[in-house]
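Residue numbers (the working numbering): 4 to 413.
Don't be surprised by glycine CBs; every beta carbon is placed ideally from N, CA and C.
Comments concern the structure below.
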């Protein structure tokens with residue numbers, strides 16, 4: 004397994020969120036299950052039986068209940084989904100490849116090798132069955148010559164598929180049947196650019212002039228063209244690319260007009276953001292606060308920190324200034340986001356000449372972090388969050404914070 008592999012493996016969990024719920028609630032197996040987003044307002048994931056009933060992602064709960072009155076609707080729990088995701092990743096790394104990339108919460112690429120005594124097709128079946136047996140989640144597994152081909156063939160083999168396509172004639176046979184929109188990265192707009200040139204199927208795109216594809220779809224399209232032709236462009240990344248920005252925020256659980264309530268939400272998001280800064284060991288030099296308003300344009304306020312910092316008091320003070328720039332008195336705010344940018348990695352930041360360490364603030368932050376890690380997030384939180392205390396007291400929001408890493412959530 005130490006030798007370079009000309010084959011890429013790909014694993015994608017089937018209906019992941021609802022499948023993860025089945026792991027801890029086995030009686031849900033085979034039933035129409037919907038996973039709910041913010042405040043239970045809409046569907047963010049659904050099982051295949053619910054999908055067949057006509058329920059779509061993003062559908063409001065009241066419409067989903069009309070389409071699927073027998074459905075079982077469950078509050079999301081991203082902490083649980085993250086635990087299942089890590090288990091899947093560990094199984095791949097321990098048993099099937101020394102080089103695995105965690106592409107998303109439910110998808111992984113790896114340097115592909117056949118299992119001992121098996122060809123690639125049998126290996127795909129073995130890995131699929133292993134994941135279901137050990138982790139409890141149904142997955143689709145594919146082997147192909149490139150990442151793009153592996154993901155493409157897996158997507159068209161779901162659910163619970165296992166396929167190895169390494170023969171070029173077989174590749175082209177399958178590509179001829181698939182529209183270009185099946186390729187991850189080509190949506191309706193890009194497909195519209197290709198259509199006047201007769202590039203409608205994946206095979207059309209693979210056979211087209213490389214220069215034409217670059218002209219139409221820039222270097223991104225050129226890379227996809229190469230991958231469709233079996234040329235590996237993107238390597239397996241066993242470590243995540245360092246963040247350029249880190250953000251926290253989301254819905255305000257309604258329409259917020261009161262400045263103090265908005266301030267409570269601001270500090271809540273500051274605490275969430277600092278958790279992530281500590282995890283990645285980075286400090287921002289710039290903080291931006293964005294506010295979305297009901298029936299009014301969004302607004303933002305950017306603040307320079309002067310010296311990179313991850314301290315609560317420094318971030319909170321900057322966030323208050325940013326909020327002052329983004330706030331529109333009298334308007335109803337619906338969403339808030341804090342974005343930390345110009346990040347400095349551990350060891351690369353330097354204190355300002357007059358920026359003396361605050362031992363008391365750092366000690367308080369350390370104690371707060373240790374207590375929350377031991378007894379649960381936000382067991383100790385800033386008193387300013389009391390302005391948004393209705394959110395914390397509502398049991399419906401028990402695990403509403405969707406801070407799973409590497410995944411953008413509703």
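Around the Cβ of residue i, are there at least 16 other Cβ atoms within 10 angstroms (buried) or fewer (exposed)?
i	result
residue 405	Because residue 405 sits at a pLDDT of 49, beneath the cut-off of 50, its placement in the model cannot be relied upon, and the following sentence gives the value as read from the coordinates. Burial call: buried.
residue 297	exposed
residue 357	Annotation note: pLDDT 49 at residue 357 (below 50); position unreliable, no value reported.
residue 247	exposed
residue 234	exposed
residue 409	Because the pLDDT at residue 409 is just 49, under 50, the model does not fix this residue reliably, and the point stays unresolved.
residue 4	Low confidence applies to residue 4: its pLDDT is 47, below 50, so where it sits in the model is not reliable, and the reading given next is rough at best. Under this definition residue 4 is an exposed residue.
residue 137	exposed
residue 122	exposed
residue 239	buried
residue 318	buried
residue 308	buried
residue 19	buried
residue 117	buried
residue 2	The requested residue 2 does not occur in the structure, where the chain is confined to residues 4 to 413.
residue 263	exposed
residue 29	exposed
residue 72	exposed
residue 2	Residue numbering for the chain in the displayed model covers 4 to 413; residue 2 lies beyond these limits and cannot be assessed.
residue 150	buried
residue 379	exposed
residue 153	buried
residue 304	buried
residue 370	exposed
residue 388	buried
residue 274	buried
What residue range does the alpha helix (DSSP H) around residue i cover?
i	result
residue 315	315-329
residue 370	362-378
residue 137	123-137
residue 88	81-98
residue 302	It is not in any alpha helix (DSSP H) - residue 302 instead sits in the beta strand (DSSP E) that spans 299-307.
residue 197	191-197
On the DSSP bridge list, what partners appear for residue i?
i	result
residue 13	112 and 145
residue 204	182
residue 63	45
residue 348	285
Would the beta-carbon of residue i fall within 8 Å of that of residue j?
i	j	result
residue 286	residue 364	no
residue 258	residue 335	yes
residue 183	residue 208	yes
residue 186	residue 14	no
residue 95	residue 107	no
residue 31	residue 24	yes
residue 127	residue 165	yes
residue 10	residue 173	no
residue 368	residue 290	no
residue 292	residue 250	no
residue 253	residue 391	no
residue 77	residue 39	yes
residue 143	residue 162	yes
residue 229	residue 223	no
residue 256	residue 394	yes
residue 294	residue 306	no
residue 103	residue 241	yes
residue 75	residue 62	no
residue 91	residue 140	yes
residue 331	residue 283	no
residue 181	residue 200	no
For the beta strand (DSSP E) containing residue i, name the first residue and the last one.
i	result
residue 292	289-296
residue 339	336-344
residue 453	As shown, the chain starts at 4 and ends at 413. That puts residue 453 outside it, with no answer to give.
residue 104	103-107
residue 153	Careful: residue 153 lies outside any beta strand (DSSP E), inside the alpha helix (DSSP H) at 150-158.
residue 382	From DSSP, residue 382 is part of no beta strand (DSSP E); its letter is neither H nor E.
residue 161	First-last for residue 161: undefined, no H or E at that position.
residue 76	75-78
Threshold first: 3 residues or longer. Then list the beta strand (DSSP E) segments lying entirely within the stretch 225-266, N to C.
The qualifying runs are 248-259.
For the stretch 22-50, which segments carrying the beta strand (DSSP E) assignment without a break, of at least 3 residues, lie completely within its bounds, in sequence order?
Complete beta strand (DSSP E) runs here, min 3: 36-39 and 46-49.
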